[in-house]
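Numbering-wise (the working numbering), the sequence shown opens with residue 1 and increments by one.
We put the beta carbon where it would ideally sit given N, CA and C, even for glycine.
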Amino acid sequence: MRVLTLTVATAVFLLGGVVGFRLLTASTGDAVEAAPTCRNEVITAGNPIDSNVITVNVFNASSRSGLANRALIELQANGFRGGQIGNSDSAAAPRRVAILTDTPDDPRVALVAAQFKDKVEYAAPDITVEDGIIVVVGDRYRGLKTGAATSTTSATDMTVCVPVVPLA
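Structure follows, in structure tokens:
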């Protein structure tokens, strides 16, 4: 009986090793092209801009670990699209929160700024991101306002990236 048990166990082990090796070394097949996550759409002046078409990138300029991630999670809970997070390489070192922008009067920037409990500082952007609003949080960052507005009105025509829901 022992010999039979050892033989079966050895066979299962060898079969598992062969199958595992084949899976490990198998080709992944044809590369699947990534589908776009959003499509560009023009919002004309006077129409609403919702938070779900605004991408926010949050960078941590504080000594508090994970602060950018927590801030982005809070912004996403208010409907904003999550962008990049990480430690800040910016020369801007806000005590609380800063938005890096050349256009602080942009309604998208104003909507993001309206989310914070703290007074928002503005500085010229010196961090490169693919898209969206750049937020830098500092050591005294206190979080978001409760019940902050999640939409605003466009003062000018602007192009935004509207999320695409894939129909699988």
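Cβ separation of S151 and S51, assumed to be a contact under 8 Å, to the nearest whole Å: Numbered from 1 along the sequence shown, position 151 holds the residue referred to as residue 151. Numbered from 1 along the sequence shown, position 51 holds the residue referred to as residue 51. Indeed they touch by this definition, with Cβ atoms about 7 Å apart.
Could you check how far apart the C-beta atoms of I54 and A68 are, in whole angstroms? I think they sit under 8 Å. Here residue 54 refers to the residue found at position 54 of the sequence shown. Here residue 68 refers to the residue found at position 68 of the sequence shown. So it is not a contact: roughly 17 Å between Cβ atoms.
If you drop the 5 nearest sequence neighbours on each side, which residues of the same chain put their C-beta closer than 6 Å to that of V97? As a first step, residue 97 is located in the sequence shown; it is residue number 97 there, counting from the start. The residues are F116, D118, V120, V137, Y141.
Flag this pair as touching only if the segment 87-103 and the segment 120-135 have three or more C-beta atom pairs under 8 Å; answer yes or no. yes
With 16 as the cutoff for other CB atoms within 10 Å, does L167 come out buried or exposed? In the sequence shown, residue 167 corresponds to position 167, counting from 1. Its Cβ having fewer than 16 others within 10 Å, L167 is exposed.
Which runs of the beta strand (DSSP E), 3 residues or longer, sit entirely within the segment 77-133? 81-87, 97-100, 120-123
Quick one: residues in its chain with C-beta nearer than 8 Å to the C-beta of P36, no 5 flanking neighbours on either side, listed in chain order? As a position in the sequence shown, residue 36 is number 36, starting the count at 1. V164.
Identify, in the order they occur along the chain, each residue of the same chain with its Cβ nearer than 8 Å to the Cβ of R22, setting aside the five sequence neighbours on each side. As a first step, residue 22 is located in the sequence shown; it is residue number 22 there, counting from the start. Around R22: no qualifying Cβ.
Quick one: residues in its chain with C-beta nearer than 8 Å to the C-beta of R39, no 5 flanking neighbours on either side, listed in chain order? Position 39 of the sequence shown holds residue 39. Closer than 8 Å at Cβ, skipping near neighbours: C161, V162, V164.
Starting from T146, trace the beta strand (DSSP E) both ways and give me its first and last residue. Against the sequence shown, residue 146 aligns to sequence position 146. From DSSP, T146 is part of no beta strand (DSSP E); its letter is neither H nor E.
Is R2 buried or exposed, if buried means 16 or more other CB atoms sit within 10 Å of its CB? Counting from 1 along the sequence shown, the entry for residue 2 is found at position 2. Exposed, by the Cβ-count rule.
On the three-state DSSP scale, how would you describe S151? Your numbering for residue 151 matches position 151 in the sequence shown. Strand, per DSSP.
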